[in-house]
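Engineer:
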Amino acid sequence: MKTREEKNDREFGSWGEDQAAKHLEKQGFRTVARNVYVGKKEIDIIARGRGMILFVEVKTRRQIPDADSPYGRPATAVNAKKKENLLYAVRGYMFSHREACEGLQPRIDVIEVYADPSAAKNKVLEIRHFPNAVTARK
């Protein structure tokens, strides 16, 4: 059974994914799937548009980290192991959805969503989008 904190974190993460999907729509992409699992590896958002298929990792935080933050930027949480997991999941998805992916250029992006910590209810403070943040190159 999930604790209240785990449930709140999951809801907050889902809210961040909603905001990232809206951001992608404004960029000309259409969300085709969310929270897709390939084995035990997850892809937060899959979107299509402009001749591409995007696989997006979303990191949501309650405030923008400053230079003294011990955790750094959320995008830095996409470390070597997470990148490996994303590449595995993307390859698996593309293999099992060959027809849907045909003719589209794959790209793995990271989107950081920051909530305004002073707002009573979740409100977007800032969105930072890092296109092609994960590549198969070593």
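Mapping of the sequence shown onto numbering that gives the first Met the number 0: position 81 corresponds to residue 80, and the numbering continues sequentially without gaps.
From the three backbone atoms N, C-alpha and C, an ideal C-beta is built for every residue, glycine too.
Say whether the region 11-27 touches the region 46-57, bearing in mind that this needs 3 or more beta-carbon pairs closer than 8 Å, one atom from each stretch.
Structural biologist: Judged by Cβ distances under 8 Å, the region 11-27 makes contact with the region 46-57, as three or more pairs qualify.
Engineer: Alpha carbon to alpha carbon, what distance is there between residue 127 and residue 31?
Structural biologist: Roughly 21 Å separates the two Cα atoms.
Engineer: Assuming residue 130 and residue 108 are in contact, meaning their beta carbons sit under 8 Å apart, how far apart are those beta carbons, in whole angstroms?
Structural biologist: Their Cβ separation, rounded to whole angstroms, is 5 Å, which keeps residue 130 and residue 108 in contact under 8 Å.
Engineer: Ordered along the chain, which non-local residues of its own chain (more than five positions away) have a Cβ less than 8 Å from that of residue 43?
Structural biologist: The answer, listed in chain order, is 16, 19, 33, 34, 55, 56, 57.
Engineer: Which of the three DSSP states is assigned to residue 22 in this structure?
Structural biologist: It is helical.
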